[in-house]
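The structure under discussion appears below in the form of structure tokens.
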Amino acid sequence: MHNAHRVGNYWKYIPECGDRAICQMCGEEDNLEHILIKCRSPGPEIIWKAAEKLWQGKGPNWPEISIGSILGCGLMRFEDERGKEKPGTRRLYRILVSKSAYTIWKLRPVGRNRPRLDPALVYNTWAGTLDDEGSLPVNWLKEPRVLVGRRALTESQIQYRSSVGIG
43 MHNAHRVGNY
53 WKYIPECGDR
63 AICQMCGEED
73 NLEHILIKCR
83 SPGPEIIWKA
93 AEKLWQGKGP
103 NWPEISIGSI
113 LGCGLMRFED
123 ERGKEKPGTR
133 RLYRILVSKS
143 AYTIWKLRPV
153 GRNRPRLDPA
163 LVYNTWAGTL
173 DDEGSLPVNW
183 LKEPRVLVGR
193 RALTESQIQY
203 RSSVGIG
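In the working numbering, the protein residues as written are 43 to 209.
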């Protein structure tokens, strides 16, 4: 971490950018943990709940999301009652957590005049984390070739994203 991301204190001592150190939605220091987990903008809450819901039935209990669980998502290990690693659960967790964190990061409210994001847009942006999830085979967790990405956005979603400054 070590100030690798331009958030919070990074902006504090740059005169024309000092307001970026504080989240415009919450009034809290805009650090990585705040952006990815604690911000009251619709992004984190909606996306983490959707990730947990997708996880249900595919793995054990959903671990509590923290900055450590996000940064270490590739190291998580999920075992069955005999202590053996459950096939595919590590991979699913890594995909869900890393894609969710990335989506939250891209949707984060930045700048002074950024409008509040529509919750439906937040969910729809995240919803395509696994391409065509409904058609995946039952044992897709064990398959090495599940495509990961996001569905194409509709024209209205593209226009909205452009109007609020989201790539």
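Positions of the beta carbon are idealized from the N, C-alpha and C atoms, including for glycine.
Keep in mind that this is a model prediction, so the values were computed, not measured.
So I137 is in the alpha helix (DSSP H); what residue range does that whole segment cover? Counting from one through the sequence shown, the residue named residue 137 turns up at place 95. 131-149 is the span of the alpha helix (DSSP H), which, as asked, contains I137.
Is it buried or exposed for H47, if we count other Cβ within 10 angstroms and need 16 for buried? As a position in the sequence shown, residue 47 is number 5, starting the count at 1. Looking at its Cβ environment, which holds fewer than 16 other Cβ atoms inside 10 Å, H47 is exposed.
Comparing C-alpha positions only, which one of W168, G110, L159 sits nearest to C81? Along the sequence shown, one-based indexing puts residue 81 at 39. Taking each of W168, G110, L159 in turn and checking the Cα distance to C81, the smallest one comes out for L159.
Less than 8 Å separating the beta-carbons of P105 and S111? Reading the sequence shown from its first residue, position 63 is the one you call residue 105. Reading the sequence shown from its first residue, position 69 is the one you call residue 111. Cβ distance < 8 Å, so P105 and S111 count as in contact.
Leaving out five residues before and five after G60 in sequence, what residues of the same chain have Cβ atoms less than 8 Å from its Cβ? Indexing the sequence shown from 1 puts residue 60 at position 18. Hits under 8 Å: W53, K54.
For the candidate residues E58, M118, R150, L78, whose alpha-carbon lies nearest to that of I137? In the sequence shown, counting from the first residue as 1, residue 137 sits at position 95. Of the candidates E58, M118, R150, L78, the one whose C-alpha sits nearest the C-alpha of I137 is M118.
Pull up the distance between the alpha-carbon of S108 and that of S142, whole angstroms please. Counting from one through the sequence shown, the residue named residue 108 turns up at place 66. Counting from one through the sequence shown, the residue named residue 142 turns up at place 100. Roughly 13 Å separates the two Cα atoms.
Tell me the DSSP bridge mates of Q98? Indexing the sequence shown from 1 puts residue 98 at position 56. Q98 pairs with G101.
May I ask you to report which of helix, strand or coil DSSP gives E106? As a working note, residue 106 is residue 64 in the sequence shown. E106: coil per DSSP, three-state reduction.
If you draw a straight line from the C-alpha of L78 to the C-alpha of I88, how long is it? The residue labelled residue 78 in the question sits at position 36 within the sequence shown. The residue labelled residue 88 in the question sits at position 46 within the sequence shown. If I take the Cα positions, the gap works out to 11 Å.
G85 and R150 - do their beta-carbons sit closer together than 8 Å? Locating residue 150 in the sequence shown gives position 108, counting from the first residue. Locating residue 85 in the sequence shown gives position 43, counting from the first residue. Closer than 8 Å, so yes.
Check whether the Cβ atoms of S210 and C115 sit closer than 8 Å, and answer yes or no. Residue 210 falls outside the range modelled here, since the chain spans only 43 to 209, and no answer is possible.
With DSSP as the reference, label N51 as helix, strand or coil. As a working mapping, residue 51 is identified with position 9 in the sequence shown. Assigned with DSSP and collapsed to three states, N51 falls in helix.
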